[in-house]
Amino acid sequence: MNILIYGTVNSIIFALVAVGFTLVYGVSRLPNFAHGALYVLVGFLTWSLVNDFKLFYPLAILISLGISAFLGALIYRLVLIRLRGMATSEIIASFAVGLIILEGLRLQGIGGFKGFIGPFYVLPSFIDSKIRIAEVLIDAQRLIVILGGVAVVASIWLFTHYTKTGLSLRAIAQDEQAAMMLGIDSDRAAVISLSIGSALAGLAAVIILPLGNVTAEAGYRILIHALAVCIIGGLGSWAGAVLASFVLGFSMIISTSLFGSVWESVVLVGAIILILIFKPSGLLGKQKELEERV
Amino acid sequence: MERRRERLDRGIKVRTEGLYSLTSWREMSYLLVPRIVLIFGLLLSPFFLEMYWQRVLCQAGIYALLALGFDFLAEYVGLVCLGGAFFIGSGAYISGLLNAKMGWSPFLTIPIATVAGAAISTLVLLPCLRLRGIYFAIISFMFPLLTVYIIVALNIFGGTEGITALATFPNIWVDQYLILGIVIIALFVLRRLVTEDFGLILRSIKDNDQAVKASGISITSYKTKAVFIAALLGCFGGAYLSHLYGWVGISQFALDYSILPIAATVMGGMGTLVGPVIGAFILTPLSEALRGFGQMRVVVYCLILIGFIVYKPEGLMNVLQRKYHQFEHWEEV
Numbered sequence: 000m001n002i003l004i005y006g007t008v009n010s011i012i013f014a015l016v017a018v019g020f021t022l023v024y025g026v027s028r029l030p031n032f033a034h035g036a037l038y039v040l041v042g043f044l045t046w047s048l049v050n051d052f053k054l055f056y057p058l059a060i061l062i063s064l065g066i067s068a069f070l071g072a073l074i075y076r077l078v079l080i081r082l083r084g085m086a087t088s089e090i091i092a093s094f095a096v097g098l099i100i101l102e103g104l105r106l107q108g109i110g111g112f113k114g115f116i117g118p119f120y121v122l123p124s125f126i127d128s129k130i131r132i133a134e135v136l137i138d139a140q141r142l143i144v145i146l147g148g149v150a151v152v153a154s155i156w157l158f159t160h161y162t163k164t165g166l167s168l169r170a171i172a173q174d175e176q177a178a179m180m181l182g183i184d185s186d187r188a189a190v191i192s193l194s195i196g197s198a199l200a201g202l203a204a205v206i207i208l209p210l211g212n213v214t215a216e217a218g219y220r221i222l223i224h225a226l227a228v229c230i231i232g233g234l235g236s237w238a239g240a241v242l243a244s245f246v247l248g249f250s251m252i253i254s255t256s257l258f259g260s261v262w263e264s265v266v267l268v269g270a271i272i273l274i275l276i277f278k279p280s281g282l283l284g285k286q287k288e289l290e291e292r293v
Numbered sequence: 000m001e002r003r004r005e006r007l008d009r010g011i012k013v014r015t016e017g018l019y020s021l022t023s024w025r026e027m028s029y030l031l032v033p034r035i036v037l038i039f040g041l042l043l044s045p046f047f048l049e050m051y052w053q054r055v056l057c058q059a060g061i062y063a064l065l066a067l068g069f070d071f072l073a074e075y076v077g078l079v080c081l082g083g084a085f086f087i088g089s090g091a092y093i094s095g096l097l098n099a100k101m102g103w104s105p106f107l108t109i110p111i112a113t114v115a116g117a118a119i120s121t122l123v124l125l126p127c128l129r130l131r132g133i134y135f136a137i138i139s140f141m142f143p144l145l146t147v148y149i150i151v152a153l154n155i156f157g158g159t160e161g162i163t164a165l166a167t168f169p170n171i172w173v174d175q176y177l178i179l180g181i182v183i184i185a186l187f188v189l190r191r192l193v194t195e196d197f198g199l200i201l202r203s204i205k206d207n208d209q210a211v212k213a214s215g216i217s218i219t220s221y222k223t224k225a226v227f228i229a230a231l232l233g234c235f236g237g238a239y240l241s242h243l244y245g246w247v248g249i250s251q252f253a254l255d256y257s258i259l260p261i262a263a264t265v266m267g268g269m270g271t272l273v274g275p276v277i278g279a280f281i282l283t284p285l286s287e288a289l290r291g292f293g294q295m296r297v298v299v300y301c302l303i304l305i306g307f308i309v310y311k312p313e314g315l316m317n318v319l320q321r322k323y324h325q326f327e328h329w330e331e332v
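Sequences listed follow chains H and R, in order. Residue numbering for the first sequence follows numbering that gives the first Met the number 0, beginning at 0 and increasing consecutively. Residue numbering for the second sequence follows numbering that gives the first Met the number 0, beginning at 0 and increasing consecutively.
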């Protein structure tokens, strides 16, 4: 029972982390390697708005989400727009942006900035209580993670299927040329997808981070988790991404309870390698085996 | 009045493009001078440096090897490897362990560690070779992080302390000429290799792997060989590094070894092979000067990287080559 509940929480965390990355890559074929960095940045921004500027917590969250979305658009407008179609440069540039954010957060002593180092950065939980479900004690924040995750995935699905902007994003994802002929601006779509993706990374941060500390190192882990979900789920498949989150979430919880948390990352890599060997297009991927693995 | 820049090849460039380059001293020196300047510039530089900067030169050599490997993999095979630190780390740990446990001399452990480390790195990356682009990039980026995690968690190979008191080289001159020699050899061997049939197949894998497959060539086997070559360079760097400082530790899996070579490659000009080497010899002293600022270094590399990739994507080397080979003048349109 323990495993079932915590596994679900863990899986939803995976899904939350991956959804923004999948959206951006699915729509504009841009790998947003700054995803993990934006996640951490939102965590720190919210912390600093709440603790240094004494803002109301929900307001702080909204502001930092706004900043994250703006940064996403900025990354596209300033850097990625010049590199579209050059896969190597896209990877390197967005990775470098991510590194600037992550390592910049650890800078010390410039302009009186102390640098975010150490375990003191904890975001407050939304509701501080514990609930007992079927003999397992669970704190309310984990329930919020479950609810939030379901809500985010559902609203993204609704957004991409029932709003005009969302439909235009999907059109770009399916056939860029045809979509452009119908008057959909591909740059605009990319900006929208990047800002939504970055805001989603931030949203994942504010939902998940109250469970632990905010550290800059988490950025790398988040990026890897997001990529793992994408690889295992198969691109362009929402169901695949959700399924992959559950596979990863449960396998990591089970391995942790059996062998200890040392093997967590090994399980992750192992899962990726197994998938690559036996079903390279991912669990539910529709693409042909090698072709689309750009 | 609109103006545009017109570029024309120099006559001598055309004349030197074949056997005709042997017709006169002028043509031959046109070809030889840049190469000789590079080789002798590298070989003579130790004489003009102080002790401290000689050490930096050795570091720069390691980064140059990594940058060469990165450029080779990214531009000729299409595998963007963000995990250069993994090559360095595996080479360093193997030679460190051989030296500490067996007591073998550096001149024995370095070749063994180079080959064994490259073999291990290739084996580890082998399942991921089906991937291209972002997937390969992120998986290769995971391996150094993962290895550090395992070493610390299991407390093997000295854990967080690392292995200390390894044998070092007899003197600083051996240090410098070993690495400089290897850099120059690696550079010219790779330059030759990519123009051979082997390089042609690699480049076509990058451009269209389906077509290569359809021609009955195993792309995985070629990618494996290419990764092995790049890993050889990185692992040599690692093995050398462990004996340069007489110490092996988890910081050899650090981000610097992954990101500085990339910055050097982009700065020097991707796909030129010479460019990354020059980039490494420019960036390493710069990063040394920023040593006092801690993480500032990584931020600076990244800023340089983005600056070059966005505003000067061809890199220094291509600009230099153009100036050397072509006339330029402004023309009114």
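Backbone N, C-alpha and C define an ideal beta-carbon position, used for all residues, glycine too. All values reported here derive from a predicted model rather than from experimental measurement.
Contact list for residue i against chain H, beta-carbon separation under 9 Å
{"i": "residue 127 of chain R", "result": "271, 272 and 275"}
{"i": "residue 279 of chain R", "result": "Going along chain H, no residue has its Cβ under 9 Å from residue 279 of chain R, so there is no contact; the nearest lies around 16 Å."}
Contact list for residue i against chain R, beta-carbon separation under 8 Å
{"i": "residue 223 of chain H", "result": "137, 140, 141 and 144"}
{"i": "residue 18 of chain H", "result": "The contacting residues do not exist; residue 18 of chain H stays about 17 Å from chain R at best."}
{"i": "residue 73 of chain H", "result": "Within chain R, no residue comes near residue 73 of chain H; the closest Cβ sits about 12 Å away, beyond 8 Å."}
Check whether residue i and residue j have beta carbons under 8 Å apart
{"i": "residue 11 of chain R", "j": "residue 26 of chain R", "result": "yes"}
{"i": "residue 50 of chain R", "j": "residue 171 of chain R", "result": "yes"}
{"i": "residue 139 of chain R", "j": "residue 234 of chain R", "result": "no"}
{"i": "residue 193 of chain R", "j": "residue 204 of chain R", "result": "no"}
{"i": "residue 153 of chain R", "j": "residue 99 of chain R", "result": "no"}
{"i": "residue 271 of chain H", "j": "residue 231 of chain H", "result": "yes"}
{"i": "residue 327 of chain R", "j": "residue 9 of chain R", "result": "no"}
{"i": "residue 26 of chain H", "j": "residue 256 of chain H", "result": "no"}
{"i": "residue 15 of chain R", "j": "residue 125 of chain R", "result": "no"}
Spatial neighbours of residue i in its chain, beta-carbon cut-off 7 Å, leaving aside the 5 residues before and after
{"i": "residue 91 of chain H", "result": "none"}
{"i": "residue 307 of chain R", "result": "265, 266 and 314"}
{"i": "residue 66 of chain R", "result": "260, 263, 264, 275, 276, 278 and 279"}
{"i": "residue 119 of chain R", "result": "89"}
{"i": "residue 113 of chain R", "result": "90, 231, 234, 235 and 238"}
{"i": "residue 165 of chain H", "result": "158 and 159"}
{"i": "residue 143 of chain R", "result": "82, 84, 85, 88, 252 and 257"}
Neighbourhood of residue i by C-beta, 8 Å cutoff - its chain only, sequence neighbours within 5 removed
{"i": "residue 111 of chain H", "result": "Because residue 111 of chain H sits at a pLDDT of 47, beneath the cut-off of 50, its placement in the model cannot be relied upon, and the following sentence gives the value as read from the coordinates. Excluding residues within five positions, none has a Cβ falling inside 8 Å."}
{"i": "residue 252 of chain H", "result": "2, 5, 6 and 9"}
{"i": "residue 205 of chain H", "result": "41, 42, 45, 60, 63, 64 and 122"}
Proximity winner among the options, relative to residue i (alpha-carbon distances)
{"i": "residue 209 of chain H", "options": "H:227, H:179, H:195 and H:139", "result": "H:139"}
{"i": "residue 241 of chain H", "options": "H:155, H:58 and H:46", "result": "H:155"}
{"i": "residue 99 of chain H", "options": "R:329, R:113 and R:298", "result": "R:298"}
{"i": "residue 84 of chain H", "options": "H:66, H:28 and H:34", "result": "H:28"}
{"i": "residue 41 of chain H", "options": "H:66, H:17 and H:30", "result": "H:66"}
{"i": "residue 105 of chain H", "options": "R:115, R:124 and R:295", "result": "R:295"}
{"i": "residue 182 of chain H", "options": "H:195, H:194, H:168 and H:19", "result": "H:168"}
{"i": "residue 58 of chain R", "options": "R:35, R:244 and R:224", "result": "R:244"}
{"i": "residue 229 of chain R", "options": "R:15, R:176, R:206 and R:77", "result": "R:77"}
{"i": "residue 45 of chain R", "options": "R:323, R:227 and R:180", "result": "R:180"}
{"i": "residue 216 of chain H", "options": "R:240, R:253 and R:215", "result": "R:253"}
{"i": "residue 269 of chain H", "options": "R:111, R:123 and R:83", "result": "R:123"}
{"i": "residue 257 of chain R", "options": "R:97, R:83, R:332 and R:148", "result": "R:83"}
Per-residue contacts from residue i into chain H (C-beta, under 7 Å)
{"i": "residue 312 of chain R", "result": "88"}
{"i": "residue 211 of chain R", "result": "Within 7 Å Cβ-Cβ: nothing; residue 211 of chain R doesn't reach chain H, min ~11 Å."}
{"i": "residue 152 of chain R", "result": "261"}
{"i": "residue 73 of chain R", "result": "87"}
{"i": "residue 81 of chain R", "result": "94"}
7 Å Cβ cut-off: residues of chain R touching residue i
{"i": "residue 99 of chain H", "result": "298, 301 and 302"}
{"i": "residue 264 of chain H", "result": "145 and 148"}
{"i": "residue 95 of chain H", "result": "301, 304 and 305"}
{"i": "residue 295 of chain H", "result": "Nothing about residue 295 of chain H can be reported from this structure: the residues present for chain H run from 0 to 293 only."}
{"i": "residue 219 of chain H", "result": "144"}
{"i": "residue 268 of chain H", "result": "141 and 145"}
{"i": "residue 247 of chain H", "result": "Per Cβ cutoff of 7 Å: no residues; residue 247 of chain H is ~14 Å from chain R at best."}
Close beta carbons around residue i, own chain, < 6 Å, minus the five adjacent residues each side
{"i": "residue 267 of chain H", "result": "227"}
{"i": "residue 262 of chain H", "result": "254"}
{"i": "residue 248 of chain R", "result": "161"}
{"i": "residue 291 of chain H", "result": "The pLDDT assigned to residue 291 of chain H is 43, lower than 50, so where the model puts this residue is not dependable, and the model offers no usable value."}
{"i": "residue 323 of chain R", "result": "none"}
Contacts of residue i in chain C (Cβ-Cβ under 9 Å)
{"i": "residue 230 of chain H", "result": "No chain C is part of this structure, whose protein chains are labelled H and R."}
Contact test: residue i Cβ vs the ligand COA heavy atom, cutoff 7 Å
{"i": "residue 121 of chain R", "result": "Although the ligand COA was asked about, the structure shown includes no ligands whatsoever."}
When you check each C-beta in the segment 80–92 of chain H against every C-beta of chain R, which residues fall closer than 9 Å? 81, 82, 85, 86, 87, 88, 89, 90, 91 and 92
Mind checking the segment 257–271 of chain R against chain H and listing, in chain order, the residues whose C-beta falls within less than 7 Å of any C-beta there? 258, 261 and 265
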